[in-house]
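Novice: Starting off with a structure, shown below.
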Amino acid sequence: MNGGASTILALKTGLVYDARMFSHRDVFNYGDDAYEHPESPDRMTAIYDQLKTRNLLDRCIRVPARLATEAEIRLFHEAEHYARIEKLQDQSLKELEAFANESDSLYFNNETPFCARLSCGGTIELCCAVASGKLDNGMAIVRPPGHHAEKDQVNEGMGFCIYNNVVVAVKRIRELGLARRVMIVDWDVHHGNGTQEAFYDDPDVLFVSIHRYEEGSFYPGSEDGFYDYVGEGAGRGRNINIPWTRSQMSNSDYGLAFEKIVLPVGQEFNPDIVIVSAGFDASCGDPIGDCRVTPAGFGWMTTALMKHLARGRLALILEASAHPSIAATIHRRAHTRTRSIHRAATI
């Protein structure tokens, strides 16, 4: 698709969803049929089914996913990393298992390279459409997720992530001249280490990560998620970590962080587009995140970003959650976005 985005009417909410991403699945259950890896295709189907049940799909413009090109992926990732992932499509089950054992949480099958490129390409398409103004806002329901993926992680894959979808999309929209200043808000319960690495010295990308930290003991377990990591060189002050010191953080905690830090700093930065690494493992009941953010809380944060920043140009990219409550959260947020756009269109 020329220019990185489809021709889509303005003042619409876009939706990326492609069932072909289901092909990336865990084939190593070691005889335990009851076991399911937290990053499974069920996450996507649960969200889609909720949107369908609530009659929200008709209020969205479908944005076709496509395969990200090697050139696009290498805007961030090293050639060796890309080549190693592509090689998976021809490997035996034994070889795939051996490679998976080198990572801390990843699994692979022969379809992983295709699905990872599709996830990345779908993210690019949505972000290009929003940045260009062809869409008002939108969400990419994609997997595998990406915010832990670093520039070169050939033998140390992290946090279910293959390619850093958001980073590649930001670099692509800037390469195309669709946006100069980009704000990334990462509200996944884990620190977005890969995204931080990508833009740590970049003055035109503001990265804000809200996450559990607990003196570096919470995954991914490194000190660079602390508040004193603020960027370097020309990018000093453009990296903001909001590290929680405990579990059970709630709507009020996230709301205060938004009111006192995220929104004021974002308004001062004045981005052309806001992109959210939208993990929902801070949701109530998520067994990994162990926090208490409700669907209404995520809806409030979404509305606040649209209302106060980038003239409402907002793209939300699915990261992680292992809990079914994610579906209810997405429904609440989709309803919030489409309702806000309808009001804008009638003014």
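End of the sequence shown sits at 347 in full-length UniProt numbering; the numbers just go up one at a time, nothing left out.
Quick reminder that beta carbons are idealized off the backbone N, C-alpha and C, glycines included.
This one's a predicted model, so the numbers in the text were calculated from it and none came from an experiment.
1. So, are the CB atoms of residue 276 and residue 309 less than 8 Å apart?
2. In angstroms with no decimal places, state the Cα-to-Cα distance between residue 181 and residue 132.
3. Closest to residue 240 by C-alpha separation, out of 253, 266 and 152, would be which residue?
4. Quick one, which of 46, 80 and 242 has its alpha-carbon nearest residue 226's?
5. With DSSP as the reference, label residue 300 as helix, strand or coil.
6. Is residue 221 helix, strand or coil when you go by DSSP?
7. Identify, in the order they occur along the chain, each residue of the same chain with its Cβ nearer than 7 Å to the Cβ of residue 263, setting aside the five sequence neighbours on each side.
8. May I have the straight-line CA-CA distance separating residue 191 from residue 221, to the nearest angstrom?
9. Short of 7 Å in beta carbon distance, which residues of its chain neighbour residue 121, apart from the five on each side in sequence? Order them along the chain.
10. Heavy atom of the ligand GTP less than 7 Å from the Cβ of residue 184, yes or no?
11. Please return the same chain residues whose Cβ sits closer than 6 Å to the Cβ of residue 91, not counting the five positions on each side in sequence.
12. Using only alpha-carbon positions, find the residue among 101, 72 and 107 that is nearest to residue 123.
13. Ordered along the chain, which non-local residues of its own chain (more than five positions away) have a Cβ less than 8 Å from that of residue 234?
14. Within this structure, are the beta carbons of residue 63 and residue 126 separated by less than 8 Å?
15. Can you tell me whether DSSP reads residue 77 as helix, strand or coil?
16. Find the nearest neighbour of residue 87 within the set 113, 253, 300 and 261, judged by alpha-carbon distance.
17. Name the DSSP bridge partner or partners of residue 244?
18. Could you give the residue range of the beta strand (DSSP E) that holds residue 60?
19. With DSSP collapsed to three states, give me the class of residue 346.
20. Are the CB atoms of residue 320 and residue 187 nearer to each other than 8 Å?
21. Taking only the alpha-carbon atoms, compute the straight-line gap between residue 237 and residue 209 and give it to the nearest angstrom.
22. Looking at the unbroken beta strand (DSSP E) that takes in residue 253, where does it start and where does it end?
23. Under 8 Å, with one C-beta from each stretch per pair, do the stretch 100 to 119 and the stretch 282 to 298 reach the 3-pair mark?
Specialist: Short version:
1. No; because the gap between Cβ atoms is not below 8 Å, this pair is not in contact.
2. It is roughly 13 Å from the alpha-carbon of residue 181 to the alpha-carbon of residue 132.
3. Cα-wise, what sits closest to residue 240 is 266.
4. For residue 226, the closest C-alpha among the options 46, 80 and 242 is that of 242.
5. Three-state result, residue 300: helix.
6. Here residue 221 sits in coil by DSSP.
7. Hits under 7 Å: 304 and 308.
8. Between residue 191 and residue 221, the C-alpha separation is close to 9 Å.
9. Closer than 7 Å at Cβ, skipping near neighbours: 65, 66, 67 and 68.
10. With respect to the ligand GTP, the structure offers nothing, as it holds no ligand at all.
11. Excluding its 5 nearest sequence neighbours in each direction, residue 91 has no C-beta neighbour in its own chain below 6 Å.
12. Out of 101, 72 and 107, 72 has the C-alpha closest to the C-alpha of residue 123.
13. Cβ within range, chain order: 201, 202 and 203.
14. Yes; because the gap between Cβ atoms is below 8 Å, this pair is in contact.
15. Residue 77: coil per DSSP, three-state reduction.
16. Of the listed residues, the one whose Cα sits closest to residue 87 is 113.
17. In DSSP, residue 244 forms a bridge with 212.
18. From DSSP, the beta strand (DSSP E) with residue 60 extends over 60 to 62.
19. Its pLDDT being 24, under 50, residue 346 is placed unreliably in this model, and the coordinates cannot settle the point.
20. Between residue 320 and residue 187, the gap from beta carbon to beta carbon reaches 8 Å or more.
21. C-alpha separation (whole angstroms): 13 Å.
22. Residue 253: not part of any beta strand (DSSP E); member of the alpha helix (DSSP H) spanning 251 to 257, first to last residue.
23. With a cut-off of 8 Å, the stretch 282 to 298 and the stretch 100 to 119 do not count as touching, because too few Cβ pairs lie within range.
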